[in-house]
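**Q** Going line by line, the protein sequences match chains A and B. 1 is the number of the first residue of the first sequence in UniProt numbering; add one for each residue after it. 1 is the number of the first residue of the second sequence in UniProt numbering; add one for each residue after it. Quick reminder that beta carbons are idealized off the backbone N, C-alpha and C, glycines included. To start, I am sharing the structure in question, which I have written as structure tokens.
There are 2 protein chains.
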Amino acid sequence: MVDPTSHPDNSESPAATDKAARDPLAILPGYTLRRAANAMMAELGALLGEVELRVSEASILLLIDGRSTMTSSLIGAALDIRSANMAPLISSLVARGLVERVPLDGKSMAIVLTEPGRAVLARVRTITQDFEQTLMLRIPPEHRDHFVPALNALWR
Amino acid sequence: MVDPTSHPDNSESPAATDKAARDPLAILPGYTLRRAANAMMAELGALLGEVELRVSEASILLLIDGRSTMTSSLIGAALDIRSANMAPLISSLVARGLVERVPLDGKSMAIVLTEPGRAVLARVRTITQDFEQTLMLRIPPEHRDHFVPALNALWR
DNA sequence: CCTTTATAGCTATTGAATATAGTCAAGTAC
DNA sequence: GTACTTGACTATATTCAATAGCTATAAAGG
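Spelled out as structure tokens, the structure:
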């Protein structure tokens, strides 16, 4: 009959297979990167649930704070969000009274915080700073200072 | 009334606003993590386009190589994919002849590589190893060895 | 045994995030 | 002026992962 355990004769590099056997996820640092990012974003998302904002919405608030000439295309360029996707995002923030559209010229609209928007942003700042801190504290001290520089080197 | 340019008196920490002004994305390491992960996965995804596999499909092949008792639930546990999402994933790999389902007992199915699957996997290994290498080379040497350990500390 | 509970695999459906295509008006260049 | 570009937007499509629920098998307890 079929003994499922009698299958191991695969004549490939035993070293690679061995490595995979011990920690299959370690094969791909890039994959580990994705897993870590997903886990972190899920966590931050849960924290931001308190103010009912998604991560991208919170980043928009953080980004436009103190500025009066950020258009949706500028925000999109900074956060890597297509203009087609910016529109509904901003509309939802406008509908909730957190930001408003202020005409800059005939065709450009500045996205600026409203008073309620500033209040929510204050809470967002607390949440994200706490999160960032616990994030860094999870990293052993000897690796800590290398983390963000390494991350930035990857894609900038 | 509202002159959009006369808006900069926001009586918050000028330091924080300043930091945000210079590089708004650097505010959130967690956000930078997400951006980096997205960029990396897009890149790897493009490379894997050569063998018409998504990142998750390629990881499955890498994971089951040399094993004859990996069930879809085990794979899902290792890669953090729900069993509901494993089903269509595996089905597609089966349909393409890369893996096959082998009954282990009445209700468990081992997912094992076929001969063509092994051939594709060899190519996948080359691609991912190349990718992994260029990834690490982008990180300045002094940060390099700290990257993966820091990443793993975040979520394991 | 036979009933209960847990496990494995699966289907169908949903929701969120993002991408594509195209509209329209306002600005820019020649 | 005509032609081209840019900013904001609508509508739609694709992709991915999450939820709920089903069925059959296996394991555990009486």
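Using DSSP with H/G/I as helix, E/B as strand and the rest coil, what is A/Glu57?
**A** helix
**Q** Applying the criterion that 16 or more other CB atoms from any shown protein chain within 10 Å of the CB defines a buried residue, is A/Asp65 buried or exposed?
**A** Under this definition A/Asp65 is a buried residue.
**Q** Return yes when the Cβ of B/Val99 is within less than 8 Å of the Cβ of residue 167 of chain B, no when it is not.
**A** This structure cannot settle anything about residue 167 of chain B, because the visible part of chain B is limited to 1 through 156.
**Q** Starting from the N-terminal side, write out each stretch of the beta strand (DSSP E) that is 3 residues or longer and does not extend beyond the UniProt domain "HTH marR-type" (46-144) of chain B.
**A** 99-103, 109-113
**Q** Nearest-angstrom Cα distance between A/Leu33 and A/Asp105?
**A** Taking the straight line from one Cα to the other gives about 42 Å.
**Q** Rounded C-beta distance between A/Pro29 and B/Val148? I'm assuming under 8 Å.
**A** Indeed, because the Cβ distance is near 5 Å, the residues count as touching under 8 Å.
**Q** In its own chain, which residues sit with a C-beta less than 6 Å from the C-beta of B/Ala36, not counting the 5 before and 5 after it?
**A** none
**Q** Near A/Val55, what residues of its chain come up, given a Cβ to Cβ distance below 7 Å and the 5 sequence neighbours on each side ignored?
**A** Correct list, in chain order: Met41, Leu44, Gly45, Leu48.
**Q** For a test of the three-state rule: what should DSSP assign to A/Trp155, helix, strand or coil?
**A** helix
**Q** Give me the chain A residues within the contact set of B/Asp80, using Cβ-Cβ distance strictly less than 9 Å, ordered along the chain.
**A** Arg35, Asn38, Ala39
**Q** If you measure between the beta carbons of B/Met63 and B/Ile75, is that distance less than 8 Å?
**A** In the sequence as displayed, the identity of residue 63 of chain B is Leu instead of Met. Here B/Leu63 is near B/Ile75, since their CB atoms are less than 8 Å apart.
**Q** When the Cα atoms are used, what is the spatial distance from A/Ser59 to B/Tyr31?
**A** 8 Å
**Q** Any C-beta of chain B sitting closer than 8 Å to the C-beta of A/Pro88?
**A** no
**Q** Using a 10 Å radius around the Cβ and a threshold of 16 neighbouring Cβ atoms, would you call A/Thr128 buried or exposed?
**A** buried
**Q** Thinking B/His143 and A/Ala153 are a contact (beta carbons under 8 Å), I'd like their distance in whole angstroms, please.
**A** Contact holds; Cβ gap of about 7 Å.
**Q** State the Cα-Cα distance for the pair A/Pro141 and B/Ala39, rounded to the nearest angstrom.
**A** Taking the Cα positions, A/Pro141 is about 27 Å away from B/Ala39.
**Q** Hey, does A/Ala153 have any beta-carbon neighbour from chain B nearer than 8 Å?
**A** yes
**Q** Beta-carbon of B/Ser59 versus every beta-carbon of chain A: anything under 8 Å?
**A** Yes, B/Ser59 lies at the interface with chain A (some Cβ there is under 8 Å from its Cβ).
**Q** Starting from the C-beta of B/Thr69, find all residues in its chain whose C-beta is less than 6 Å away, skip the five residues before and the five after it, and write them out in chain order.
**A** Ala110
**Q** Is B/Val124 close to the ligand FMN? I mean its beta-carbon at under 7 Å from any heavy atom of the ligand.
**A** Judged by which ligands are present, the structure shown has none, so any question about the ligand FMN falls away.
**Q** Tell whether a beta-carbon distance below 8 Å holds between B/Gly117 and B/Leu61.
**A** yes
**Q** Whole angstroms is fine: what's the gap from B/Ser92's alpha carbon to B/Glu52's?
**A** Approximately 12 Å between the Cα atoms of the pair.
**Q** To the nearest angstrom, how far is it from the Cα of A/Lys107 to the Cα of B/Ser72?
**A** A/Lys107 and B/Ser72 have their C-alpha atoms roughly 53 Å apart.
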